[in-house]
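I have placed the structure first, in the form of structure tokens, so that the comments after it can refer back to it.
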Amino acid sequence: MKRTLLVAVACALFVLAGNAGACRTDPPIVTPTLREATESADIVAVIHVDGVEWRTPEEEAEFRRLWERPPMNTPFSYPARSARFSVKRVLKGSIPANTLIWSGATSCDVDLAEGRDYVLFASLPSGEDDRLMPLRGTFPLDAPPYTDAMLAEVESFLTHSNAPTP
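Here the sequence shown is numbered in my numbering, starting from 1070 and rising by one per residue.
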């Protein structure tokens, strides 16, 4: 009986811990549909992440401070890594030369992995930061099963939105 109870408790903890890294916010962050992401992004492109650079020592110290003592009732964002990338195709907008991409610091951010291809939905760099800001909806192209169909859908939205009206 004790063993059965112990196994049941262990299984429950395992299930609860399995989602421990998932993003949780109040209110919850909603990932836009492909159409919404395509329409709202300044830039839509197919990219390859060549490398991800770790935070500078100053950024790492700031990250640790915010992680251990987050400010109460004050919006903030954790310092994030930068990703170097090469452009395979630009589908919308233009990408400034020598630009880096902001790669997320938490599970609620878009986190880019070195060596992977992505369909990037991004905002242009802000005045404070010279990095592109990837938007929710950015997805890797090498994660089956629907990525080719998703890319075709994005291309379709862009083709049909630019079609001349009679």
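Don't be surprised by glycine CBs; every beta carbon is placed ideally from N, CA and C. Computed from a predicted structure; not experimentally measured.
Asked                                                                                                                                                                 : Found
For the pair the segment 1147-1160 and the segment 1114-1132, tell me if three or more CB-CB distances fall below 8 Å.                                                : yes
According to DSSP, simplified to helix, strand and coil, what is Val1223?                                                                                             : helix
Determine whether the beta carbon atoms of Val1121 and Leu1181 lie at a separation below 8 Å.                                                                         : yes
On a Cα-Cα basis, can you pick out the residue from Thr1107, Ser1225, Pro1096, Ile1098 that is closest to Ala1240?                                                    : Nothing can be reported for residue 1240, as the shown portion of the chain is limited to 1070 through 1235.
Is the Cβ-Cβ distance between Ala1173 and Val1113 less than 8 Å?                                                                                                      : Correcting the residue identity first, residue 1173 is Gly in this sequence and not Ala. In this structure, Val1113 does not lie closer than 8 Å to Gly1173 by Cβ.
Just tell me which of Arg1104, Pro1097, Pro1096, Thr1143 has its CA closest to the CA of Ser1225.                                                                     : Arg1104
Go ahead and label Thr1207 buried or exposed: buried means 16 or more other beta carbons lie within 10 angstroms of its beta carbon, across all protein chains shown. : buried
Below 8 Å between beta carbons: does that hold for Thr1102 and Arg1205?                                                                                               : no
For Met1141, does the count of other Cβ atoms within 10 angstroms reach 16, so buried, or fall short, so exposed?                                                     : exposed
Here's a check: name, in chain order, each residue in its chain whose Cβ is nearer than 8 Å to the Cβ of Glu1183, leaving out the five neighbours to either side.     : Val1118, Asp1119, Gly1120, Val1121, Ala1152
Is the separation between the beta-carbon of Leu1160 and that of Leu1227 shorter than 8 Å?                                                                            : yes
In this structure, how does DSSP classify Glu1183 when only helix, strand and coil are distinguished?                                                                 : coil
Applying the 10 Å Cβ sphere with the 16-neighbour rule, what's the burial state of Gly1090?                                                                           : Low local confidence applies: a pLDDT of 49 at Gly1090 is under 50, so the model's placement there is unreliable, with the coordinate-based value given in what follows. Under this definition Gly1090 is an exposed residue.
For the alpha helix (DSSP H) containing Leu1103, name the first residue and the last one.                                                                             : 1103-1109
Three-state secondary structure (DSSP) at Arg1200?                                                                                                                    : coil
So, using beta-carbon positions, are Pro1194 and Thr1168 closer together than 8 Å?                                                                                    : yes
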